[in-house]
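*Asks:* After the structure tokens below, expect a handful of questions from me.
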Amino acid sequence: MVLQARGFDMDHTTAEARLLDAADALFYERGIQAVGMDAIRAASGVSLKRTYQLFPSKEHLVEAVLRRRDRAVRDALAAYTSARPTPTERVLAVFDYLRDWFDEPDYRGCAFINSFAELGGTSPNVVDIVRTHKRAFADHLAALVAEAGGPPALAAQLALLANGAMVTAAITGDVGAAREARAAARRLLDADAAPGTAVPAASGQPPA
Numbered sequence: 080m081v082l083q084a085r086g087f088d089m090d091h092t093t094a095e096a097r098l099l100d101a102a103d104a105l106f107y108e109r110g111i112q113a114v115g116m117d118a119i120r121a122a123s124g125v126s127l128k129r130t131y132q133l134f135p136s137k138e139h140l141v142e143a144v145l146r147r148r149d150r151a152v153r154d155a156l157a158a159y160t161s162a163r164p165t166p167t168e169r170v171l172a173v174f175d176y177l178r179d180w181f182d183e184p185d186y187r188g189c190a191f192i193n194s195f196a197e198l199g200g201t202s203p204n205v206v207d208i209v210r211t212h213k214r215a216f217a218d219h220l221a222a223l224v225a226e227a228g229g230p231p232a233l234a235a236q237l238a239l240l241a242n243g244a245m246v247t248a249a250i251t252g253d254v255g256a257a258r259e260a261r262a263a264a265r266r267l268l269d270a271d272a273a274p275g276t277a278v279p280a281a282s283g284q285p286p287a
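Convert by adding 79 to the 1-based position in the sequence shown; the result is the number in the working numbering.
Structure follows, in structure tokens:
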């Protein structure tokens, strides 16, 4: 599909996808407040008129970006953890997922935590999207912990570990935050297990 900016038409789906891709990348790299609609227009190749037809305000675009990222993260995490053979390995896989994510060269923290830090005081819709995403993450962990025979309190502790690792890795640039969080998660799982039934190390995974 040829860009509208070059004088050709662009269908609704293509224009929307280009805008969301451009906005997502720019917001994540620079921060939401530092990116204007004109920068998004230039990066996407969608005219400013068409941009505002699809997203009447920047806030509408921010919300659409976060909702799309929410679905993508949920799907990716579910696929990653479900590939492990045992319930305990699926719990620890959450932290392996974080390790892989932190190791990406463009990692700049959790987009939802970042968005809340920027807009939490001014945008109730963004707050709602962020809280919904974090609840879904916690619910996924709770389901994995329940399958492994652990209590809800353990799931809440692991969610705190995971979110803390996201922030720490963004600030320090150290992928080791995921490794340390995983080690702490193993200790919590071991402590919750019955005496003599410590959680075995997952095959092929980094030692705690």
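Positions of the beta carbon are idealized from the N, C-alpha and C atoms, including for glycine.
Quick one: give me the first and last residue of the alpha helix (DSSP H) that D90 is part of.
*Replies:* It is not in any alpha helix (DSSP H) - D90 carries neither H nor E in the DSSP assignment.
*Asks:* What residues in its chain sit with their C-beta under 7 angstroms from that of K213, if we drop five residues either side in the sequence?
*Replies:* Contacts found: F191.
*Asks:* Whether or not the region 157-168 and the region 138-149 are in contact is what I'm after, with contact meaning three or more pairs of Cβ atoms, one per stretch, closer than 8 angstroms; do they touch?
*Replies:* No: the two stretches stay apart, fewer than three of their Cβ pairs being nearer than 8 angstroms.
*Asks:* Hey, how far is the Cα of L133 from the Cα of E259?
*Replies:* One C-alpha to the other measures close to 43 angstroms.
*Asks:* With DSSP collapsed to three states, give me the class of V254.
*Replies:* V254: coil per DSSP, three-state reduction.
*Asks:* What is the DSSP secondary structure of P285, counted as helix, strand or coil?
*Replies:* Below a pLDDT of 50, predicted positions are generally treated as unreliable, and P285, at 36, falls in that range; no measurement from the model is reported.
*Asks:* Using alpha carbons as the reference points, say which of F181, D185, A157 lies closest to L105.
*Replies:* Per the Cα distances, D185.
*Asks:* Secondary structure at Y186, three-state DSSP: helix, strand or coil?
*Replies:* Looking at Y186 - three-state DSSP - the assignment turns out to be coil, as it is neither helix nor strand.
*Asks:* Less than 8 angstroms between the CB atoms is what I'm expecting for V205 and V141, so what's the real figure, rounded?
*Replies:* The pair is a contact, with the Cβ atoms about 6 angstroms apart (cut-off 8 angstroms).
*Asks:* By the DSSP assignment, the alpha helix (DSSP H) with P203 in it spans what residues?
*Replies:* Segment 203-226, the alpha helix (DSSP H) holding P203.
*Asks:* How would you label P279, buried or exposed, when you count the other beta carbons within 10 angstroms and need 16 or more for buried?
*Replies:* Caution applies to P279, whose pLDDT of 45 falls short of 50 and renders its modelled position unreliable; the value that the coordinates give is listed next. It is exposed - the Cβ of P279 has fewer than 16 other Cβ atoms within 10 Å.
*Asks:* Under a three-way DSSP split, which group does R163 fall into?
*Replies:* In the structure shown, R163 sits in coil (DSSP, three-state: anything other than H, G, I, E or B).
*Asks:* On the criterion of 16 or more Cβ atoms from any shown chain inside 10 Å, does I111 qualify as buried, or is it exposed?
*Replies:* Classification for I111: buried.
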